[in-house]
Amino acid sequence: MALALAGTSVASAKNGKEAKEAPAAETANAADELPQGQEVSETVIALAGWVVASKDNQGYPFAIMDKAAAQVLVFGGDGKLRGAAPALFGSAIGDHSAPGVAKLALSAIPGHDRTTPAGRFIGGYGPSEDAGRVLWVDYDSAVSMHPLPPGTPKEKRSERLASATPDDNRVTHGCINVSPAFYEQIVHSTFEKGGVFYVLPDKDSIEETFPEFAQSRAAAKGDDEKDARHARK
């Protein structure tokens with residue numbers, strides 16, 4: 468299954484000198500809601516390995532969100548994969564939030580501004596004006612992760628989340644939606660005391676979004692090429 472693939476690959480992902488000595492992310496009876504046969508990208512696997520190896524999460528639980536694949540992977544502070552699931556993201560393609568969008572009512576947000584911003588965010592639970600206590604991924608742009616909201620039959624969010632492909636998973640105003648079961652069983656318990664969220668970009672490069680990860684990856688590639696050249700002598 469997709470999760471087994473992720474666990475195996477993440478465990479072997481090593482980026483940079485620190486990664487060669489540090490444990491990589493592992494599975495630990497993780498929950499798998501990904502569609503049968505849907506794989507996790509090499510970028511996600513490498514990023515997870517780098518986060519653990521470099522201790523970029525500083526011991527906090529973390530999540531990696533792949534907008535293109537419509538996936539969320541949740542890891543504990545120990546680097547073990549706790550679960551993976553499909554998710555819904557902002558309907559607009561883009562990696563930045565428009566100025567002032569956090570102050571607008573949902574209905575007032577223009578279609579082209581309904582983006583899920585990319586980057587590294589430190590988030591946690593906190594109050595909101597209209598939804599009680601929520602898990603903020605990026606408080607400044609009012610982006611949170613929450614279960615599928617009720618009362619959205621026209622948007623067919625349940626059907627989109629259940630579909631086998633990520634092509635129809637762009638429908639929200641910017642927040643990240645997961646199934647109620649995944650949220651209650653994995654997300655809520657994992658991030659009760661906060662965590663780090665890595666959102667992969669739609670348009671921006673990995674180098675722009677996660678420069679330290681990209682540098683480490685480039686250095687590791689250079690080392691591999693150097694080793695290969697030595698092997699040919």
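Counted from 1, the sequence shown has number 494 at position 27 by the working numbering; the numbering is strictly sequential.
Ideal Cβ positions, reconstructed from N, Cα and C, are used throughout, including at glycine.
Checklist entry - Are V663 and I589 closer than 8 Å when you measure CB to CB? => result Here residue 663 is taken as the residue at index 196 of the sequence shown, counted from 1. Here residue 589 is taken as the residue at index 122 of the sequence shown, counted from 1. Yes, they are a contact pair.
Item to check | Whole-Å CB distance - E509 paired with P553, under 8 Å assumed | outcome: As a working mapping, residue 509 is identified with position 42 in the sequence shown. As a working mapping, residue 553 is identified with position 86 in the sequence shown. Rounded, the Cβ-Cβ distance is 19 Å, inconsistent with contact.
Checklist entry - What number of angstroms, rounded off, separates the C-alpha of A569 from the C-alpha of G586? => result For the purposes of this step, residue 569 is taken as residue 102 along the sequence shown, with counting starting at 1. For the purposes of this step, residue 586 is taken as residue 119 along the sequence shown, with counting starting at 1. Approximately 17 Å, taken between the alpha carbons.
Checklist entry - Using the beta-carbon count (16 or more within 10 Å), is A607 buried or exposed? => result Indexing the sequence shown from 1 puts residue 607 at position 140. Sequence inspection shows Asp at residue 607; the Ala mentioned does not correspond to that position. With fewer than 16 Cβ atoms within 10 Å of its Cβ, D607 is classed as exposed.
Item to check | Whole-angstrom distance between G504 and G544, CA atom to CA atom | outcome: Residue mapping note: residue 544 aligns to position 77 of the sequence shown, counting from 1. Residue mapping note: residue 504 aligns to position 37 of the sequence shown, counting from 1. Going by the C-alpha atoms only, they are around 27 Å apart.
Next on the checklist: Could you tell me which whole beta strand (DSSP E) segments of length 3 or greater appear in the stretch 527-606?
Outcome noted: 529-533, 538-542, 547-553, 586-594, 600-605
Item to check | Residue(s) in a DSSP beta bridge with P644 | outcome: In the sequence shown, residue 644 corresponds to position 177, counting from 1. Here residue 644 is Asn; the residue named in the question, Pro, does not match the sequence. BP columns for N644 point to L555, H613.
Next on the checklist: Please report the distance separating the alpha-carbon of R549 from that of S672.
Outcome noted: As a position in the sequence shown, residue 549 is number 82, starting the count at 1. As a position in the sequence shown, residue 672 is number 205, starting the count at 1. Using only the alpha carbons, I get a separation of about 27 Å.
Checklist entry - How is D677 classed by DSSP in three states: helix, strand or coil? => result For the purposes of this step, residue 677 is taken as the residue at position 210 of the sequence shown. Position check: residue 677 holds Phe in this sequence, whereas Asp was assumed. Coil at F677, not helix or strand.
Next on the checklist: Rounding to the nearest angstrom, what Cα-Cα distance links E622 and V638 in this structure?
Outcome noted: To locate residue 622, count along the sequence shown from 1; it is residue 155. To locate residue 638, count along the sequence shown from 1; it is residue 171. Looking at the two C-alpha atoms, the distance is approximately 7 Å.
Item to check | Which listed residue (G641, L602, S656) has its alpha carbon closest to that of K534 | outcome: Here residue 534 refers to the residue found at position 67 when the sequence shown is read from its first residue. Minimum Cα distance to K534 is reached at G641.
Checklist entry - Would you call the stretch 640-656 and the stretch 599-615 touching, i.e. three or more CB-CB distances under 8 Å? => result yes
Item to check | Chain-order list of residues whose beta-carbon lies under 6 Å from that of P502 (same chain, five-residue window excluded) | outcome: Translated into positions along the sequence shown, residue 502 becomes position 35. These residues qualify, in order along the chain: A631.
Checklist entry - How many Å lie between E488 and V601 at the Cα? => result For the purposes of this step, residue 488 is taken as the residue at position 21 of the sequence shown. For the purposes of this step, residue 601 is taken as the residue at position 134 of the sequence shown. For E488, the predicted structure reports a pLDDT of 39, less than 50, and the residue's modelled location is therefore unreliable. The matter cannot be settled from this model.
Checklist entry - How about D669 and D580: do their beta carbons lie closer than 8 Å? => result Numbered from its first residue, the sequence shown carries residue 669 at position 202. Numbered from its first residue, the sequence shown carries residue 580 at position 113. Cβ atoms of D669 and D580: not closer than 8 Å.
Next on the checklist: Let's see if you can read the secondary structure: which residues bound the beta strand (DSSP E) around T639?
Outcome noted: Position 172 of the sequence shown, counted from the first residue, corresponds to residue 639. Note, T639: beta strand (DSSP E), 637-639.
Checklist entry - For G662, does the three-state DSSP call read helix, strand or coil? => result The count along the sequence shown starts at 1 and reaches residue 662 at position 195. Strand at G662.
Item to check | S656 versus L555: straight-line alpha-carbon distance, rounded | outcome: Counting from one through the sequence shown, the residue named residue 656 turns up at place 189. Counting from one through the sequence shown, the residue named residue 555 turns up at place 88. Each residue's alpha carbon lies about 20 Å from the other.
Item to check | For D499, the residue or residues it bridges with in DSSP | outcome: Position 32 of the sequence shown, counted from the start, is the residue given in the question as residue 499. Bridge partners of D499: A551.
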